[in-house]
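Numbering (my numbering), first residue to last: 688 to 966.
Just below is one structure, and these are the notes that go with it.
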């Protein structure tokens with residue numbers, strides 16, 4: 688294969704394995720796990736190590752054949768090395784120690800172990816640098832007046848060009864129409880999809896981290912997605928997510944002691960204690 692054609696071939700393989708994953712959901716867990724494992728290899732070749740690692744995790748959770756464990760654990764260990772994650776690399780090397788490995792896998796394990804010591808030293812220096820950066824991040828402060836002015840940000844010193852000033856996650860988001868290529872947690876629109884296995888691929892995520900972070904919300908939504916209840920819900924779906932994300936039980940606790948309908952309504956409307964708990 689010509690060198691310039693190789694990236695396109697690998698990318699096409701990723702697309703085909705993604706199609707295989709979507710097709711196998713709810714039909715055959717064995718084929719589904721193999722689809723994730725094969726896509727992981729293609730992603731690894733393309734240099735998408737975090738996505739490849741996530742696909743390996745999905746394959747193992749779904750039911751990847753135990754006889755093939757050395758292959759996928761070696762793949763995870765390699766991705767951990769490329770991600771400079773000494774903790775994960777150590778974990779997978781320890782797993783390989785207890786497995787019966789052929790000559791090829793044993794050689795891979797030895798090569799990975801040889802790189803572990805270098806990575807551990809590098810990780811210690813990186814952690815020291817991160818701590819220093821966090822200690823010195825004092826460029827601004829956030830003030831919330833809970834009044835008509837609302838929340839604002841004030842600079843505490845001169846801010847350098849291209850310096851990170853502010854980062855915040857949106858309270859909630861709700862997809863409209865077909866959301867097959869929209870991450871339901873972080874709203875990313877271009878990614879390698881990891882679909883929910885239960886609601887017929889109506890909800891997808893860009894990573895296992897987003898899938899797990901959204902779990903407490905999707906836990907309540909999955910059955911509704913299966914029945915297509917959100918197809919025309921519009922802004923009501925967004926309201927539901929805001930409530931779920933901020934803690935439905937917290938709101939119920941606040942309303943439990945309200946004695947009248949008026950007291951409940953006052954609590955839920957702007958300025959009330961239940962309203963303020965959503966901010």
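Virtual Cβ for every residue (Gly too), placed ideally from N, Cα, C.
The structure presented is a predicted model; accordingly, all values stated were derived computationally and were not measured.
Do the stretch 909 to 926 and the stretch 941 to 959 meet, that is, are 3 or more Cβ pairs less than 8 angstroms apart?
Because the criterion of three Cβ pairs below 8 angstroms is not met, the stretch 909 to 926 and the stretch 941 to 959 do not touch.
Rounded straight-line distance, which links the Cα of residue 746 to that of residue 797:
Along the chain shown, read from residue 1 onward, the residue named residue 797 stands at position 110. Along the chain shown, read from residue 1 onward, the residue named residue 746 stands at position 59. Near 24 angstroms, if we compare the C-alpha coordinates of residue 746 and residue 797.
Within the stretch 712 to 778, ranges of the alpha helix (DSSP H) (whole runs, at least 4 residues):
Counting only runs of 4 or more, we get 716 to 733, 736 to 749, 756 to 769.
Taking one C-beta from the stretch 702 to 716 and one from the stretch 894 to 905 each time, how about it: are there three or more such pairs within less than 8 angstroms?
In this structure the stretch 702 to 716 does not lie against the stretch 894 to 905, because fewer than three pairs of beta carbons, one per stretch, are closer than 8 angstroms.
Just how far apart, CA to CA, sit residue 743 and residue 701?
Here residue 743 refers to the residue found at position 56 of the chain shown. Here residue 701 refers to the residue found at position 14 of the chain shown. Using only the alpha carbons, I get a separation of about 14 angstroms.
Segments of 4+ residues assigned as alpha helix (DSSP H) that fall wholly inside the stretch 891 to 927:
Secondary structure remark: continuous alpha helix (DSSP H) runs of at least 4 residues inside the stretch 891 to 927, in chain order: 895 to 900, 902 to 913.
Could you compute how far the alpha carbon of residue 755 sits from the alpha carbon of residue 735?
By 1-based counting over the chain shown, the position of residue 755 is 68. By 1-based counting over the chain shown, the position of residue 735 is 48. A direct Cα-to-Cα measurement between residue 755 and residue 735 gives close to 22 angstroms.
Run through DSSP, which three-state label would residue 842 get?
Numbered from its first residue, the chain shown carries residue 842 at position 155. The answer is strand: DSSP assigns residue 842 an E or B state.
Just to confirm, is the Cβ distance from residue 749 to residue 782 under 8 angstroms?
In the chain shown, the residue the question calls residue 749 occupies position 62. In the chain shown, the residue the question calls residue 782 occupies position 95. Not closer than 8 angstroms, so no.
Residue range of the alpha helix (DSSP H) that residue 951 falls in?
To locate residue 951, count along the chain shown from 1; it is residue 264. Counting along the chain, residue 951 sits inside the alpha helix (DSSP H) bounded by residues 948 to 955.
Just to confirm my understanding: we take residue 861, look at its own chain, exclude 5 residues before and 5 after, and list those with CB closer than 6 angstroms. What are they?
Here residue 861 refers to the residue found at position 174 of the chain shown. Excluding residues up to 5 positions away in sequence, 924, 925, 928 lie with their Cβ nearer than 6 angstroms to the Cβ of residue 861 in the same chain.
Nearest to residue 887 (by Cα), restricted to the options 871, 910, 870, 901
As a working note, residue 887 is residue 200 in the chain shown. Nearest to residue 887 by C-alpha distance, out of 871, 910, 870, 901, is 910.
Classification of residue 877 by the beta-carbon crowding that lies within 10 angstroms, buried from 16 upward
Taking the first residue of the chain shown as 1, we reach residue 877 at position 190. Counting of Cβ neighbours within 10 angstroms places residue 877 among the exposed residues, the total staying below 16.
Are the CB atoms of residue 740 and residue 767 nearer to each other than 8 angstroms?
For this step, residue 740 is matched to residue 53 along the chain shown. For this step, residue 767 is matched to residue 80 along the chain shown. In this structure, residue 740 lies near residue 767, with their beta-carbon atoms less than 8 angstroms apart.
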